[in-house]
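Here the structure comes first, spelled out in structure tokens, and everything after it is commentary.
Protein chains: 2
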Amino acid sequence: MTETTQKHQSTLDTAIKALHGRTFFAHFPENPSPDIYGPDADRLGREAFEARRNQHYTELLQGEPEAWAGQEDSPYEQQPLGIKYPYFAPQILIERAEKAFGEWRKIKPAQRAALLTEALDGMKERFFEIAYATMHTTGQAYMMSFQASGPHAADRALEAIAAGYEEQTRFPEETTWEKPMGKYNITLQKTWRAVPKGVGLVIGCSTFPTWNTVPGMFASLVTGNPVIIKPHPKAVLPIAIVIAEVQKVLAAYGLDPNICQLAVDAEDRLITKDLCESPAVKLIDYTGGNQFGDYVEGLKGKTVFTEKTGVNSIILDSCDDLDKVAQNLAFSVSLYSGQMCTAPQNFFIPETGVTVNGEPVPYEDVVQKLAAAVTGLAQNPKAGPHVLGAIQSPATQARVEQLALNGGRSILAHGTVNNPTFQNARTCSPSIYEVQSSQVEQYSQELFGPIMLIIKTKDTQESIRLAAQLAREHGAISCGAYTTDQEIKEQIMDEMSLAGTPVSFNLTGGIYVNQNAGFSDFHVTGGNPAGNASFTNPEFVIKRFTWVGFREPAQATG
Amino acid sequence: MTETTQKHQSTLDTAIKALHGRTFFAHFPENPSPDIYGPDADRLGREAFEARRNQHYTELLQGEPEAWAGQEDSPYEQQPLGIKYPYFAPQILIERAEKAFGEWRKIKPAQRAALLTEALDGMKERFFEIAYATMHTTGQAYMMSFQASGPHAADRALEAIAAGYEEQTRFPEETTWEKPMGKYNITLQKTWRAVPKGVGLVIGCSTFPTWNTVPGMFASLVTGNPVIIKPHPKAVLPIAIVIAEVQKVLAAYGLDPNICQLAVDAEDRLITKDLCESPAVKLIDYTGGNQFGDYVEGLKGKTVFTEKTGVNSIILDSCDDLDKVAQNLAFSVSLYSGQMCTAPQNFFIPETGVTVNGEPVPYEDVVQKLAAAVTGLAQNPKAGPHVLGAIQSPATQARVEQLALNGGRSILAHGTVNNPTFQNARTCSPSIYEVQSSQVEQYSQELFGPIMLIIKTKDTQESIRLAAQLAREHGAISCGAYTTDQEIKEQIMDEMSLAGTPVSFNLTGGIYVNQNAGFSDFHVTGGNPAGNASFTNPEFVIKRFTWVGFREPAQATG
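So the sequence lines, in the order shown, correspond to chains C and Z.
All the letters of the first sequence, read from the start, carry residue numbers 1 to 558 under UniProt numbering.
All the letters of the second sequence, read from the start, carry residue numbers 1 to 558 under UniProt numbering.
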């Protein structure tokens, strides 16, 4: 194993350095180019995915299951994938995880980090297969499927491994403590262990099945905790492939593959609560809606890491080029049909309009410009379908179609989008509503999907006050602000920082408020109701283990 | 303020280095010698304390109070001190803290760290006054009062300042993020802020009024949170002096002294729950009993740090010199009459006895040797009173006097101890009971005070199993083990580490299981029910602030 540790040491050292520099760093290339991944990589990945349809997923090393279960549908085809995964009763999963704990916790942090990095190398070989698996479970477009579920997820996993490795080696394994007592010294030999907390459970979501799952999964693993991965029943395949790669490495090193288990619901039995409530489960990572998230956060005796939902705001005050701003924002609301946790929802615009290059542009003009930009993007056949992707669940589509805001004004109705490849794709273009700032109840909850709310405020001060209040009370994961006024900018930073919300200022061109870079942007701050954890700050890893010290008089005292 | 920052930088750098080296380090000398603190320091400190009796405590800078309140009694004199402290209604304290927050959070971490270190220098000037204040509120003997409430507490405070400063400066304040996109680069200017969470509340205990209070107090302060200190009503003076020193520094630098406020109960109104439940209070540090501790841990929307109670075990398996072991343990149970959270309570001894130098010593002989050592220490007029000190509360004394364990055997009854200086001191010598290992309910709770339980086990395996089970289920803060067998030692380390309990092996001579060194021993691990926090691991400080990032396109893009 020493060889493996040495092999990955420079990757880990570089990753730790990147974590603290927080400038651009990516270990896994995000470009699905044949020049990088090989001329056949895409084709082979697609074929591998296609071959899995209507089959049992037999790649895992968890032994013979008691049943096979699978409920995935492709949002592009609106028909079942037909893949069945091994089902094990919660108690079996827990027992196996507890057994595997004894072995895994005794592996040194450096070795665990190396083995897990090796598993990411295996994952890299399957980025294209994961990409197609992601498309046909989440409805993401091809490029996002590749990047988010492949290299970006792998980088977030490496980030968690690096942070976990760093934190576990930040204090010495042993030292000699020698206290001068005047006439003599008291000398103690001291040692410390970073003791893992126990079985980890990672609960995935339907829209980002690897990106949102691997940070908690690898953070728990690197700190010595066995994990049970419970994906959303509609998005299992992408993470199943990652789990298979981890199990492969574990087995190759003679370790119990049950250190990392896949857990799926049976057709007639949901197992997540059983797993959550098992006394053996000490750590829970959760991504998903507020209702279940609040349940998870309320469980006693567990260390819990959540990413729930929030309402993200855009504050429009002033800018240099309103067309560029409108295009940037239209892209942000359209990207994956607003199904990103970082997608903006609430656009605060003063009734007095927006200052552009020092000149006032009336409110209604700004609104119409945003609507035109959204329509232009959705109706551009070369861009629209590739930006919007498909809508993951029928419930999201129904929300867009049936939305009627009490007292709101419809600015833009949702429309149809034709996907050139998948005629049956579940799609629609974004809808836009205007609500008055006084109708807080209309815009204070997340309306997941391609829905944009324009909130007419008295002035920028009211915009800031409301955006900060929403973030504090209902959570927010991102915020975009456009202002050329330094004082306003500082005020937004100050008020949004107290609301635990990162702010992107004045984005135009090829960078969007939804985007979030591993090794640089902390994802979710943990500082508002949208979630209590952050990818990957030190807290995300150190809460998974306990420092315990031992001491004994040294043989020779001074 | 730059000058102040520079003045304390080397102290902070040295402290951070010590935190990571974890070898012996003390910034504040623990020896109350005239050579160190000056020939008049002790006398002046005593006079300062004496002058406070039956007076209003007017040193704080919190303005005119609505009432004056004080309930302290000296355990040595068993009569009131008569000192009255300014009383403010909880809502006033909260409002003032919220107002002070706006100012304090904008001070840079390095400046906050410097100001707080300066306050510790002020505290050092008053170590002797604090020592007498501690004696006459807690009942600690002079030496412990000086060391625990003075230099040791100040070192724990410095530890928290250093850790907080380090964690807040571990990520850059700003960086340029430049992502190569092939034909061009995207360049963002990024900044990050460590955003304090809000008003902190620190709830103190009656036995260690500064030592257990200053870590949370200074950890919250260094991370930018204003604090309200709510001491135990029976032990206010020692921490009031520390608060006065902090306020003095704040005022000297033109800052609001309400950044750090003293809060006391009125005679007829307990305010702790009002403070706990205020929505403005985001951080709570608590030291004390389980019942209130569980209430604090159960509060929603707060970040809580607790040290509650546990049952500490001694495992006797084998040793080289039983007399030395017995003397060491007798000292540990007697030190401050068992009123330390690290004091051992449960002594697990196999019915087959203990192996001494390879020879078996029968169980009963071991028990009698321990009893004899306890009696010998208590009855030694030159040692007993100075080790035992006085008993802080009448309830503790009553517990010792009235203890009757169902099915237990009294090995040694409590006795009287004559204090040469204070004839009215509330004292008694330790009592020893024997209980069977099967009677878990008799020894699974903390019996605070000078009470030692000997638990007769089948063998060392049962001793280990029970000690680990008690720690897991009821909490433990320390554990002592005596074994010359390497395998047993490794087993104890493994099982107690899973129970989040540090272990001291084979202590004899002048070092005791109760003792706990700043900058080296993590105090409480946070890994069992005895408390969820640890002095001072990174978690103790990073949970007090949130990392929030900001980004904006750079002016010049590549």
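Using N, Cα and C, we set each Cβ at its ideal position, and we do this for glycine too.
Report yes if the C-beta distance between residue i and residue j is below 7 Å; otherwise report no.
i: isoleucine 477 of chain Z; j: methionine 452 of chain Z; result: no
i: serine 429 of chain Z; j: isoleucine 391 of chain Z; result: no
i: phenylalanine 305 of chain Z; j: aspartate 285 of chain Z; result: yes
i: histidine 8 of chain Z; j: alanine 114 of chain Z; result: yes
i: threonine 396 of chain Z; j: phenylalanine 331 of chain Z; result: no
i: lysine 282 of chain C; j: lysine 230 of chain C; result: no
i: leucine 93 of chain Z; j: isoleucine 228 of chain Z; result: yes
i: valine 524 of chain Z; j: glycine 480 of chain Z; result: no
i: phenylalanine 348 of chain C; j: isoleucine 455 of chain C; result: yes
i: valine 361 of chain C; j: valine 354 of chain C; result: yes
i: residue 619 of chain C; j: proline 279 of chain C; result: Residue numbering for chain C in the displayed model covers 1 to 558; residue 619 of chain C lies beyond these limits and cannot be assessed.
i: valine 400 of chain C; j: proline 450 of chain C; result: yes
i: proline 86 of chain C; j: proline 109 of chain C; result: no
i: methionine 217 of chain C; j: valine 199 of chain C; result: no
i: glycine 289 of chain Z; j: glycine 475 of chain Z; result: no
i: asparagine 346 of chain Z; j: threonine 508 of chain Z; result: no
Starting from the beta carbon of residue i, find every residue of chain Z whose beta carbon is closer than 7 Å, and list them in chain order.
i: threonine 176 of chain C; result: Thr23
i: glutamate 95 of chain C; result: None at all; the shortest Cβ gap to chain Z is about 17 Å.
If the cut is a Cβ gap below 9 Å, which residues of chain C does residue i touch?
i: methionine 181 of chain Z; result: Gly510
i: tryptophan 211 of chain Z; result: What tryptophan 211 of chain Z touches in chain C: nothing, since even the nearest Cβ is about 18 Å away.
i: serine 534 of chain Z; result: Thr546 and Trp547
i: glutamate 434 of chain Z; result: Going along chain C, no residue has its Cβ under 9 Å from glutamate 434 of chain Z, so there is no contact; the nearest lies around 28 Å.
i: glutamate 166 of chain Z; result: Going along chain C, no residue has its Cβ under 9 Å from glutamate 166 of chain Z, so there is no contact; the nearest lies around 10 Å.
Whose Cβ in chain Z lies nearer than 9 Å to the Cβ of residue i?
i: isoleucine 542 of chain C; result: Asn537, Pro538, Glu539 and Ile542
i: residue 571 of chain C; result: One cannot answer for residue 571 of chain C here, as it falls past the ends of chain C, which runs 1 to 558.
i: glycine 527 of chain C; result: Val195, Lys197, Phe545, Thr546, Trp547 and Val548
Mind pulling the chain Z residues with CB within less than 8 Å of residue i?
i: residue 583 of chain C; result: The shown model of chain C, from 1 to 558, leaves out residue 583 of chain C, and the question about it has no answer.
i: threonine 483 of chain C; result: Near threonine 483 of chain C there are no residues of chain Z at all, since even the closest Cβ is about 10 Å away, more than 8 Å.
i: proline 32 of chain C; result: Within 8 Å Cβ-Cβ: nothing; proline 32 of chain C doesn't reach chain Z, min ~13 Å.
i: glutamate 159 of chain C; result: Result: empty, since nearest Cβ-Cβ is about 13 Å, beyond 8 Å.
Interface residues of chain C around residue i at Cβ under 8 Å?
i: isoleucine 186 of chain Z; result: Gly509, Gly510 and Ile511
i: proline 279 of chain Z; result: What proline 279 of chain Z touches in chain C: nothing, since even the nearest Cβ is about 11 Å away.
Under 7 Å between beta-carbons, which chain C residues line up against residue i? List them in chain order, please.
i: glycine 549 of chain Z; result: Pro502, Asp521 and Phe522
i: proline 420 of chain Z; result: None at all; the shortest Cβ gap to chain C is about 25 Å.
i: glutamate 103 of chain Z; result: By Cβ distance, chain C contributes nothing, its closest Cβ being about 13 Å from glutamate 103 of chain Z, past 7 Å.
Quick one, which residues of the segment 490-523 of chain C are near chain Z if we go by CB-CB under 8 Å, in chain order?
Contact annotation: in the segment 490-523 of chain C, residues whose CB is within less than 8 Å of a CB in chain Z are Met493, Met496, Ser497, Leu498, Gly500, Thr501, Pro502, Val503, Ser504, Phe505, Asn506, Leu507, Thr508, Gly509, Gly510, Ile511, Ala517, Ser520, Asp521 and Phe522.
Pair every Cβ in the segment 137-147 of chain Z with every Cβ in the segment 382-397 of chain Z, then say whether three or more of these pairs are closer than 8 Å.
Yes, the segment 137-147 of chain Z is in contact with the segment 382-397 of chain Z.
Three-pair Cβ contact test at 8 Å for the segment 224-243 of chain Z versus the segment 201-211 of chain Z:
Contact holds: three or more Cβ-Cβ distances are below 8 Å.
Segments assigned alpha helix (DSSP H), at least 4 residues, entirely inside the segment 163-189 of chain C:
Taking 4 residues as the shortest admissible run, the segment 163-189 of chain C contains no complete alpha helix (DSSP H) segment at all.
How do the segment 249-259 of chain C and the segment 64-77 of chain C stand: do at least 3 beta-carbon pairs fall below 8 Å, yes or no?
Segments in contact, no.
Can you check the segment 359-402 of chain C for any beta strand (DSSP E) of at least 3 residues that lies completely inside it and give the ranges in chain order?
Here the runs fully enclosed are 359-361.
When the Cβ atoms of the segment 144-164 of chain Z are set against those of the segment 269-282 of chain Z, are three or more pairs found closer than 8 Å?
No: fewer than three Cβ pairs fall under 8 Å.
May I ask you to list, following chain order, the residues of the segment 216-232 of chain Z that have a beta carbon less than 8 Å from some beta carbon of chain C?
So nothing in the stretch comes that close.
With contact counted as at least three CB pairs below 8 Å, one residue from each stretch, are the segment 532-539 of chain C and the segment 311-325 of chain C in contact?
Cβ pair count under 8 Å is below three, so no.
Whether or not the segment 467-477 of chain Z and the segment 487-502 of chain Z are in contact is what I'm after, with contact meaning three or more pairs of Cβ atoms, one per stretch, closer than 8 Å; do they touch?
In this structure the segment 487-502 of chain Z lies against the segment 467-477 of chain Z, because at least three pairs of beta carbons, one per stretch, are closer than 8 Å.
According to a CB-to-CB cut-off of less than 8 Å, which residues of the segment 291-313 of chain C neighbour chain Z?
Listed in sequence order: no entries.
Are at least three pairs of beta-carbons, each pair with one atom in the segment 18-34 of chain C and one in the segment 176-190 of chain Z, less than 8 Å apart?
Pairwise C-beta distances place the segment 18-34 of chain C in contact with the segment 176-190 of chain Z, as three or more of them are shorter than 8 Å.
Could you pull out every unbroken alpha helix (DSSP H) segment of at least 4 residues lying fully inside the segment 443-528 of chain C, listed in chain order?
For secondary structure counted as the alpha helix (DSSP H) over 4 or more consecutive residues, the segment 443-528 of chain C holds these complete runs in sequence order: 460-474 and 486-498.
If you pair each beta-carbon of the segment 40-47 of chain C with each one of the segment 116-132 of chain C, do three or more pairs fall below 8 Å?
The segment 40-47 of chain C makes contact with the segment 116-132 of chain C: 3 or more CB pairs, one atom from each, lie closer than 8 Å.
Could I get the ranges of all uninterrupted alpha helix (DSSP H) runs contained in the segment 292-329 of chain C, with 4 residues as the minimum, in chain order?
Listed in chain order, nothing qualifies, since the segment 292-329 of chain C has no complete alpha helix (DSSP H) run of 4 or more residues.
4 or more residues per run - each alpha helix (DSSP H) lying fully within the segment 24-60 of chain Z
For the segment 24-60 of chain Z, whole alpha helix (DSSP H) runs of length 4 or above, ordered along the chain, are 34-37 and 41-52.
Identify every run of the alpha helix (DSSP H) within the segment 92-178 of chain Z, keeping only runs that are complete inside it and at least 4 residues long; order them along the chain.
For the segment 92-178 of chain Z, whole alpha helix (DSSP H) runs of length 4 or above, ordered along the chain, are 109-124, 127-138, 142-147 and 153-168.
Identify each residue in the segment 386-412 of chain Z for which the Cβ-Cβ distance to at least one residue of chain C is less than 7 Å, and report them in chain order.
Of all residues in the segment 386-412 of chain Z, none is placed with a Cβ closer than 7 Å to any Cβ belonging to chain C.
Contact between the segment 155-167 of chain Z and the segment 26-35 of chain Z (3+ Cβ pairs under 8 Å):
With a cut-off of 8 Å, the segment 26-35 of chain Z and the segment 155-167 of chain Z count as touching, because enough Cβ pairs lie within range.
Hey, which unbroken runs of the alpha helix (DSSP H) at 4 residues or more fall wholly within the segment 196-255 of chain C?
Here the runs fully enclosed are 214-222 and 237-252.
Could you please tell me which residues of the segment 129-160 of chain C, in chain order, have their CB closer than 8 Å to any CB of chain Z?
Listed in sequence order: no entries.
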